[in-house]
Amino acid sequence: MNDGLVDAFRHHTWATRELIRICRGLTEEQLSATTIGMYGSIIDTLRHIVSSDASYLVRLTGVEPSWDRRAAERPDLDTLAERTEELAARWERFLAEPFDAERVLVIRWPDGTDYKVPAGVVLAQALHHGSEHRGQICAILTSIGVTPPELGVWEFAEATGRVQPRQA
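The opening residue of the sequence shown carries number 69 in my numbering; numbering runs sequentially from there.
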C-alpha cells in the first residue's frame with residue numbers, strides 16, 4: 069500500500085548516509101564551517117537532520133528512538149551514523165504497514181500554537197526537510213572547496229541497483 073513511498077524514504081536515508089560518509093573525511097574546522105543563509109555548521113545541520121527525523125517518526129508512531137532526541141548532547145559522526153541506521157529501519161517498519169495519511173495529529177508550532185496536521189503532511193515534511201538541509205550542507209562543502217556528493221534520486225537508484233542499464 070505504501071510502496072510508492074518506500075523508494076522516497078530509502079533515498080532520504082541513503083542521502084543522509086552519503087553525507088555522513090563524506091563528512092568523515094573532514095577536519096573539525098571543516099565540520100564547523102557554515103555560510104550565510106544556512107541552518108548552521110555542517111555538523112550541527114547533520115545533527116538537526118537526524119534529530120528531526122526522529123521527531124517525525126515519534127509524531128507518526130508514538131514511539132521514541134533508543135536515544136534521547138531532546139538531549140543537549142552533540143553527537144559525533146559515528147553516533148549520527150548509528151542513529152541514521154536506526155531511523156532507516158524505523159521508516160522501513162512504518163512504511164511496511166498500512167497507515168492513514170489523513171489521520172490528524174496535533175503538533176505544536178515553535179510559537180506555541182497547536183495545529184491539526186494530517187499524517188501525510190508529516191511524511192512530506194520529513195522528506196522536504198532532509199532534502200533542504202542536505203542541500204545546505206552541500207553548499208557549505210562547495211564553499212570550503214570540498215566537492216559534495218551527488219545525492220539525487222537517480223544517483224540513489226544507480227547506487228542501490230534500483231535502475232539497470234537496458235540490454236539491447
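Yeah, the Cβ is synthetic: ideal placement off N, Cα and C, and Gly gets one too.
DSSP three-state assignment for residue i, whether helix, strand or coil
i           : result
residue 183 : strand
residue 231 : coil
residue 203 : helix
residue 188 : helix
residue 99  : helix
residue 210 : helix
residue 198 : helix
residue 141 : coil
residue 132 : coil
Per-residue burial, residue i [other beta carbons within 10 Å of its own, 16 or more giving buried]
i           : result
residue 181 : exposed
residue 222 : exposed
residue 84  : buried
residue 124 : buried
residue 104 : exposed
residue 201 : buried
residue 121 : buried
residue 194 : buried
residue 142 : exposed
residue 215 : exposed
residue 235 : exposed
residue 113 : buried
residue 46  : There is simply no residue 46 to check, as the chain begins at 69 and stops at 236 in what is shown.
residue 210 : exposed
residue 198 : buried
Host beta strand (DSSP E) of residue i (start-end)
i           : result
residue 219 : Here residue 219 belongs to no beta strand (DSSP E), and DSSP marks it neither H nor E.
residue 173 : 172-176
Residue i: first and last residue of the uninterrupted alpha helix (DSSP H) it sits in
i           : result
residue 87  : 71-91
residue 124 : 110-129
residue 150 : 145-164
Inter-stretch contact at 8 Å, needing at least 3 Cβ pairs: the stretch 107-127 / the stretch 143-154: yes
The stretch 82-102 contacting the stretch 164-177, beta-carbon criterion three pairs below 8 Å: no
Touch test, the stretch 123-135 against the stretch 156-171, Cβ-Cβ under 8 Å, three pairs minimum: yes
Contact the stretch 215-232 vs the stretch 73-88: 3+ CB pairs below 8 Å: yes
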